[in-house]
Amino acid sequence: MIYLQANNVTKRFGAELILSNIKLEIKQHDRIAIVGRNGAGKSTLLKIISGQLNYDEGEIHKPKDITMGYLAQHTGLDSSETIWDEMLKIFEHFIKEENSLREMEAKMGDPDFLQDSSKYEQLLLSYDQKQEAFKLAGGYQYEAEIKSVLNGLNFPEEMWGTSIATLSGGQKTRLALGKLLLTKPHILILDEPTNHLDIETLTWLEGYITNYHGAVVIVSHDRYFLDKTVTMVYEISRHESTKFHGNYTKYLEQKALSYERELKQYEKQQAEIKKMEDFIQKNIVRASTTKRAQSRRKQLEKMDVMDKPFGEEGSAKFSFTVERRSGNDVLKIHDLSFRYQETDPALFTNLNLHVNRGESIALVGPNGVGKSTLLKNIIGHLEPDTGEIQLGANVQIGYYDQEQTTLHANKIVLNELWDEYPLMNEKDIRTILGNFLFSGDDVLRPVAALSGGEKARLALAKLMMEKANFLLLDEPTNHLDLDSKEILEAALIDYPGTILFVSHDRYFINKIATQILEMQKNKTTIYLGDYDYYVEKKNEEKAWRELQLQNEQEVTKQQGKTDFQKEKELKKLERKKQRRIEEIEQEIAQLEENVAHNEVLLCEPDIFQDHEKSLQLTEENDAMNTKLEQLMAEWEQLHEE
1 MIYLQANNVT
11 KRFGAELILS
21 NIKLEIKQHD
31 RIAIVGRNGA
41 GKSTLLKIIS
51 GQLNYDEGEI
61 HKPKDITMGY
71 LAQHTGLDSS
81 ETIWDEMLKI
91 FEHFIKEENS
101 LREMEAKMGD
111 PDFLQDSSKY
121 EQLLLSYDQK
131 QEAFKLAGGY
141 QYEAEIKSVL
151 NGLNFPEEMW
161 GTSIATLSGG
171 QKTRLALGKL
181 LLTKPHILIL
191 DEPTNHLDIE
201 TLTWLEGYIT
211 NYHGAVVIVS
221 HDRYFLDKTV
231 TMVYEISRHE
241 STKFHGNYTK
251 YLEQKALSYE
261 RELKQYEKQQ
271 AEIKKMEDFI
281 QKNIVRASTT
291 KRAQSRRKQL
301 EKMDVMDKPF
311 GEEGSAKFSF
321 TVERRSGNDV
331 LKIHDLSFRY
341 QETDPALFTN
351 LNLHVNRGES
361 IALVGPNGVG
371 KSTLLKNIIG
381 HLEPDTGEIQ
391 LGANVQIGYY
401 DQEQTTLHAN
411 KIVLNELWDE
421 YPLMNEKDIR
431 TILGNFLFSG
441 DDVLRPVAAL
451 SGGEKARLAL
461 AKLMMEKANF
471 LLLDEPTNHL
481 DLDSKEILEA
491 ALIDYPGTIL
501 FVSHDRYFIN
511 KIATQILEMQ
521 KNKTTIYLGD
531 YDYYVEKKNE
541 EKAWRELQLQ
551 NEQEVTKQQG
561 KTDFQKEKEL
571 KKLERKKQRR
581 IEEIEQEIAQ
591 LEENVAHNEV
601 LLCEPDIFQD
611 HEKSLQLTEE
621 NDAMNTKLEQ
631 LMAEWEQLHE
641 E
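In UniProt numbering, the protein residues as written are 1 to 641.
Structure, rendered in structure tokens:
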């Protein structure tokens, strides 16, 4: 069933064209990603199809009974209610129905009402119909659904009575997402739903979206999330849309193949045109060949000439180099702990880490465990409570701060770099900024006026110029569009130094990390591999814990037997051991008798002089003595037990 169809939708903001001739189709169970560079019009398209924004041209068709739910990029839930009471508002119709059923039940128990059999039968029938409809609509499971979504979005039960007004901005955003999920619209439209979610919550959301009953349309910069959830990608580029089947990785593959194919077709046609033009030029004036030349000219005029396929839009271009090589031991951390104030509980304890040159280590763990704080301890911005941090020989640290505190809001873009490197030519500084997509008058803009993505690119430009051999990166992919993330990945993959980074971008971790360091409050665990390997090992650990728990339950069950049964088993085992002891004693007696008999034979002259017979008896005695030693050891063990 088609839920929504957009044909030739065009949108302008004043004279600026944002979207042109957009085509989009949403069917039941579709999982669609809208991708494109920052500023391409992705969020604008979501607002148009959700009815939040008008469009200038085209048409959008949607059946009247199809419902839509839209979560904007920076939406937070504002309410004076508690978390639980706010979620209950979604199901007020169920609560009313439930109260109605309780009233009917009270009537059925009224003695006066029972006397009128006709009215009672009618009420009973009405009650059965209402109860069945209530059950089919999900009336008996709405509370379970609320609990599932709140727990999935990291709102534990002890928080459900908390007033929403006291929550942080990130918590309000997560709660807005939870409320939208519980409304279950036919079309779920999500603009950057992964913001403010840790990896555990992201994994839960992936599962929820995968199993969602309706259609889902997503804008997200989280490529791992897109790979796990979507089956179709619409790319917005140069104001227009192109449809690709498959997840994000498949989209990249198809896009590259499509461009290569179209470029070859274009080049082939251009070669044919050049050949025809040369023929026409050489032969048009000759009487003998002029007709053929005129015929070729007509062919050329009728030819549908292809446009040269567009390559990538302007992308940042950079690479990280090192000024000097560090020693093999880059960083050693021993039993580190940290607290912000003496009265505060420790943020983390027992943290140990050894980083070697060339390694790329991702720090992962729940929000609030202190990953960013650890980086600030390493660079000396914060002092640890206990423990030791040692940097290796010739280590030069380059630090990328997700808060962009290294940038100066009162400076212009050009001076942000030039003030750090005053001996460089302005032309060279402008060239570097141009590689990070700051061109022309862009370099004269104040830093304070830059967007999040522009500030991120500027901070990366500063980091590149440091030529440090040890990069500490705190959420480096935040604010970057998909294209910029891929450029950054390529630069870090080729980087000859050492990297320690914090990121929630699992796709980025998979590309960059050679090891995963999982931080927990009181311990750290290292996993040698990328993010997928880490997930695999965590699943194995979970399965092992479940198996251990199952075994413990089985042992507890066995221990729960009556004393009589236990005693019976013990006596049975004791009798079995006693029988074995008697068997061993008989075997020992027989073997000793056989050994003694052979020793007597070996003393007889006839046998003593027969070397073959003598050797045979000696070997038999050696074998029997070995057996005797084994039986004696078993006999002693059984007696000890």
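Just so it is clear, CB atoms sit at the ideal spot from N, CA and C, and this is done for glycine as well. The model shown is predicted, which means the values in this text are computed figures rather than measured ones.
Beta strand (DSSP E) segments (min. 3 residues) lying fully within the stretch 506-548: 515-520 and 523-527
Report yes if the C-beta distance between Ile-209 and Ser-50 is below 9 Å; otherwise report no. The residue you call residue 209 lines up with position 209 of the sequence shown. The residue you call residue 50 lines up with position 50 of the sequence shown. Cβ distance not < 9 Å, so Ile-209 and Ser-50 don't count as in contact.
Take Phe-91 and list the residues in its own chain whose beta-carbon comes closer than 7 Å to its own, dropping the five residues that flank it on each side. Numbered from its first residue, the sequence shown carries residue 91 at position 91. Excluding sequence neighbours, Phe-91 sits near Tyr-142.
By alpha-carbon positions, which one of Met-68, Tyr-421, Ser-117 and Leu-414 ends up nearest to Lys-455? Position 455 of the sequence shown, counted from the start, is the residue given in the question as residue 455. Per the Cα distances, Leu-414.
Alpha carbon to alpha carbon, how far is Leu-202 from Leu-19? Give it in angstroms, no decimals. Residue mapping note: residue 19 aligns to position 19 of the sequence shown, counting from 1. Residue mapping note: residue 202 aligns to position 202 of the sequence shown, counting from 1. Using only the alpha carbons, I get a separation of about 31 Å.
Is Glu-59 a contact residue of the ligand MN, with contact defined as CB to any heavy atom under 8 Å? As far as ligands go, the structure on display features none, and thus does not contain the ligand MN.
Report buried or exposed for Asp-401, applying the criterion of at least 16 other Cβ atoms within 10 angstroms of its Cβ. Reading the sequence shown from its first residue, position 401 is the one you call residue 401. Asp-401 is buried by the Cβ-count criterion.
Cβ separation of Gly-327 and Ala-393, assumed to be a contact under 8 Å, to the nearest whole Å: Here residue 327 refers to the residue found at position 327 when the sequence shown is read from its first residue. Here residue 393 refers to the residue found at position 393 when the sequence shown is read from its first residue. The Cβ separation is near 4 Å, so the contact holds.
Is DSSP giving Met-465 helix, strand or coil here? Here residue 465 corresponds to residue number 465 of the sequence shown, with the count starting at 1. Correct three-state label for Met-465: helix.
For Tyr-411, collect the residues of the same chain with a Cβ closer than 6 Å to its Cβ; drop the 5 residues on either side in sequence, then sort them by chain order. In the sequence shown, counting from the first residue as 1, residue 411 sits at position 411. The amino acid occupying residue 411 in the given sequence is Lys; Tyr does not appear at that position. Within the same chain, Lys-411 has close Cβ partners Val-447.
Give a yes or no on whether the C-beta atoms belonging to Thr-82 and Thr-173 are separated by under 9 Å. The sequence position of residue 82 within the sequence shown is 82, counting from 1. The sequence position of residue 173 within the sequence shown is 173, counting from 1. No, these two residues do not count as a Cβ contact at 9 Å.
Is it true that the CB of Pro-309 sits closer than 9 Å to the CB of Gly-234? Counting from 1 along the sequence shown, the entry for residue 234 is found at position 234. Counting from 1 along the sequence shown, the entry for residue 309 is found at position 309. Checking the sequence shown, residue 234 turns out to be Tyr, not Gly. Going by C-beta atoms, Tyr-234 is not nearer than 9 Å to Pro-309.
What is the DSSP secondary structure of Met-276, reduced to helix, strand or coil? Within the sequence shown, numbered from 1, the residue matching residue 276 stands at position 276. In the structure shown, Met-276 sits in a helix (DSSP, three-state: H, G or I).
In or out: Ile-526 buried (at least 16 other Cβ within 10 Å) or exposed? Position 526 of the sequence shown, counted from the first residue, corresponds to residue 526. Exposed.
Which residues does DSSP pair with Ile-581 in a beta bridge? Stepping through the sequence shown from its first residue, residue 581 is reached at position 581. In the DSSP output, where bridge partners are listed per residue, Ile-581 has none listed.
Within its chain, find whatever has a CB closer than 8 Å to the CB of Gly-139; leave out the 5 residues flanking it on each side and keep chain order. Counted from its first residue, the sequence shown places residue 139 at position 139. If we look at Gly-139 and ignore the five residues flanking it on each side, its Cβ neighbours are Phe-94, Glu-97 and Glu-98.
How should Ile-493 be labelled, buried or exposed, when 16 other C-beta atoms within 10 angstroms of its C-beta is the threshold for buried? Working through the sequence shown from its first residue, we reach residue 493 at position 493. Flag for Ile-493 reads exposed.
Starting from the Cα of Lys-511, find the closest Cα among Trp-204, Arg-430, Tyr-224 and Glu-277 and give me that residue. For the purposes of this step, residue 511 is identified with residue 511 of the sequence shown, where counting begins at 1. Comparing Cα positions, the closest option is Tyr-224.
Under 9 Å between the Cβ atoms of Val-322 and Ala-513? Your numbering for residue 322 matches position 322 in the sequence shown. Your numbering for residue 513 matches position 513 in the sequence shown. Not in contact: Val-322 and Ala-513 (Cβ atoms no closer than 9 Å).
Cβ contact check for the stretch 330-348 and the stretch 380-394: 3 or more pairs under 8 Å: yes
I need the straight-line Cα distance from Glu-416 to Ser-372, nearest angstrom please. For the purposes of this step, residue 416 is identified with residue 416 of the sequence shown, where counting begins at 1. For the purposes of this step, residue 372 is identified with residue 372 of the sequence shown, where counting begins at 1. Computed Cα separation, rounded: 24 Å.
Beta-ladder partner(s) of Ile-60, from DSSP: Locating residue 60 in the sequence shown gives position 60, where the first residue counts as 1. Note: Ile-60 sits in a beta bridge opposite Ala-6.
When you compare the CB positions of Leu-488 and Thr-477, do they come within less than 9 Å of one another, or not? The residue labelled residue 488 in the question sits at position 488 within the sequence shown. The residue labelled residue 477 in the question sits at position 477 within the sequence shown. In this structure, Thr-477 lies closer than 9 Å to Leu-488 by Cβ.
Considering Gln-390, what are the terminal residues of the alpha helix (DSSP H) in which it resides? Taking the first residue of the sequence shown as position 1, residue 390 is located at position 390. Where Gln-390 is concerned, there is no enclosing alpha helix (DSSP H), although the beta strand (DSSP E) it sits in stretches over 386-391.
Residue ranges of each beta strand (DSSP E) run of no fewer than 3 residues wholly in the stretch 25-103, ordered along the chain? 31-35, 57-61 and 68-71
Residue ranges of each alpha helix (DSSP H) within the stretch 371-455, 4 or longer: 371-378, 413-418 and 426-435
How would you write the range of the alpha helix (DSSP H) that residue 684 sits in, first residue to last? Only positions 1 to 641 of the chain appear in the structure, and residue 684 is not among them; the question remains open.
At what residues does the beta strand (DSSP E) containing Ile-164 begin and finish? Within the sequence shown, numbered from 1, the residue matching residue 164 stands at position 164. Element bounds for Ile-164: n/a, residue is neither H nor E.
Give the list of continuous beta strand (DSSP E) stretches no shorter than 3 residues that lie fully inside the stretch 170-223. 187-191 and 215-219
For the alpha helix (DSSP H) holding His-245, just list the boundary residues, first then last. Along the sequence shown, read from residue 1 onward, the residue named residue 245 stands at position 245. Here His-245 belongs to no alpha helix (DSSP H); instead the beta strand (DSSP E) covers 240-245.
Can you give me the start and stop residues for the beta strand (DSSP E) that Thr-626 sits inside? For the purposes of this step, residue 626 is identified with residue 626 of the sequence shown, where counting begins at 1. It is not in any beta strand (DSSP E) - Thr-626 instead sits in the alpha helix (DSSP H) that spans 611-640.
If Tyr-3 sits next to Lys-62, beta carbons under 8 Å apart, how far is it from one beta carbon to the other, in whole angstroms? Here residue 3 corresponds to residue number 3 of the sequence shown, with the count starting at 1. Here residue 62 corresponds to residue number 62 of the sequence shown, with the count starting at 1. The pair is a contact, with the Cβ atoms about 7 Å apart (cut-off 8 Å).
Quick one: what's His-354 bridged to in DSSP? Here residue 354 is taken as the residue at index 354 of the sequence shown, counted from 1. Paired residue(s): Lys-332.
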